[in-house]
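Trainee: Input: one structure, supplied below.
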Ligand SMILES: NC(=O)c1ccc[n+]([C@@H]2O[C@H](COP(=O)([O-])OP(=O)(O)OC[C@H]3O[C@@H](n4cnc5c(N)ncnc54)[C@H](OP(=O)(O)O)[C@@H]3O)[C@@H](O)[C@H]2O)c1
């Protein structure tokens, strides 16, 4: 039995949908914080269990009978995140799971200036120290995150960002399909995975050029200092802690932490991953993108 946490989140529910291409519903369990939300989203006969990472006792029940547990990382940073991940890993071990899988990041490094990448590296170490077999799924940077940045460029006619570096932006749905393929064949990837990425890398300047071409609008790319960007981001209402974390992505990209493409994801999903032009083109055709552009 495979337990998937974060099943009501954007990645988790896509992993379940992709897993259903491989396995019947009775081999899957969704572990969620909010069972009512799950009941509304998952109407496929999949068992739903309550499993909040801040309630370790409940997790042992949520993970009971698991052969594999996919721990989807939480949307937090720092000790708050790592403590939750470690609690989930402990519970999966206590439940006797043969393999624990965790959604890490392609840039996971203890010395990363990107806080989430540091946290993922801490959790990878914790996983590696345990008795159960594990797979750390080193996900590429979500292409959907790049769309937020492009949206700001479309709104303002220019994208003002600090010095950056190439990033192999990767569609979340492709990552979900790759995770499902790995879960469906236990042990297919053991330990830390190769970076699970799309085929191409883009800098901010590349993204702006692509957005200009796809939208027919003239968007400029302007490199600003880190301090100027932090001040502007905080002034726009982003809390300091998040602004600093976002700045960390530029610092890590600048030193090349996300400058890698790897064929593993393509091999897992059996087709070329979606490219940024395709993802951006679809984004621009949606009503939401039109709103941003107006
Ligand atoms: N590779 C990348 O570039 C990238 C980018 C952004 C984020 N991420 C990471 O990937 C994760 C999944 O992405 P996503 O798009 O699916 O994010 P998401 O939609 O925010 O999903 C996060 C999931 O974590 C669950 N969660 C939060 N706190 C929890 C707790 N205390 N106990 C149990 N579950 C908890 C949430 O539960 P609810 O459904 O109840 O809210 C949600 O299902 C993110 O959380 C983040 O760690 C990666």
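Numbering (the working numbering), first residue to last: 5 to 298. We put the beta carbon where it would ideally sit given N, CA and C, even for glycine. Bear in mind that the values here come from a model prediction, so they are computed numbers and not experimental data.
#1: Relative to ligand 1, is the shortest distance from any of its heavy atoms to the C-beta of residue 111 smaller than 6 Å?
#2: Where do the ends of the beta strand (DSSP E) carrying residue 72 lie?
#3: Beta-carbon within less than 6 Å of residue 35's beta-carbon, same chain only, minus the 5 sequence neighbours each way: which residues are those?
#4: Helix, strand or coil: how does DSSP classify residue 167 here?
#5: Buried or exposed: which applies to residue 12, given that a residue is buried once 16 or more other Cβ atoms fall within 10 Å of its Cβ?
#6: Does the segment 208 to 223 come within contact of the segment 156 to 168, defined as at least 3 CB pairs closer than 8 Å?
#7: Please report how far the alpha carbon of residue 272 lies from the alpha carbon of residue 180, in whole angstroms.
#8: At which residues does the beta strand (DSSP E) containing residue 8 begin and terminate?
#9: Between residue 259 and residue 199, is the Cβ-Cβ spacing less than 7 Å?
#10: Got a sec, what are the start and stop residues for the alpha helix (DSSP H) residue 273 sits in?
#11: Could you tell me the boundaries of the beta strand (DSSP E) in which residue 32 lies?
#12: If we ignore side chains and look at the alpha-carbon of each, how far apart do residue 89 and residue 202 end up?
#13: Where does the unbroken alpha helix (DSSP H) through residue 24 begin, and where does it stop?
#14: Please classify residue 93: does DSSP put it in a helix, a strand, or coil?
#15: In or out: residue 58 buried (at least 16 other Cβ within 10 Å) or exposed?
#16: List the endpoints of the continuous beta strand (DSSP E) containing residue 140.
#17: On a CA-only basis, which of 240, 138 and 209 is nearest residue 194? Give me that one, please.
#18: Among 175, 225 and 124, which has the Cα closest to the Cα of residue 167?
#19: Under a Cβ-count criterion, where at least 16 other Cβ atoms within 10 Å of its own Cβ denotes burial, should residue 124 be classed as buried or exposed?
#20: In whole angstroms, what separates the C-alpha of residue 30 from that of residue 276?
#21: Take the Cβ of residue 298 as the centre, count every other Cβ of all protein chains shown within 10 Å, and call the residue buried at 16 or more, exposed below.
#22: Under a three-way DSSP split, which group does residue 107 fall into?
#23: To which residues of the same chain is residue 288 closer than 6 Å at the C-beta, ignoring the five residues directly before and after it?
Mentor: Reading it off the structure:
#1: no
#2: 72 to 75
#3: 7, 9, 53, 55 and 66
#4: coil
#5: buried
#6: yes
#7: 11 Å
#8: 6 to 9
#9: no
#10: 268 to 273
#11: 32 to 36
#12: 26 Å
#13: Looking at the DSSP string, residue 24 is not in any alpha helix (DSSP H), and its letter there is neither H nor E.
#14: helix
#15: It is exposed - the Cβ of residue 58 has fewer than 16 other Cβ atoms within 10 Å.
#16: 137 to 143
#17: Measuring from the Cα of residue 194, the nearest candidate turns out to be 138.
#18: 225
#19: buried
#20: 30 Å
#21: Only weak support exists for where residue 298 lies, its pLDDT of 44 falling under 50; the coordinates are left without a value.
#22: If DSSP states are grouped into helix, strand and coil, residue 107 belongs with the strands.
#23: Short of 6 Å from the beta carbon of residue 288, and not among the five residues preceding or following it, lie these beta carbons of its own chain, in chain order: 218 and 219.
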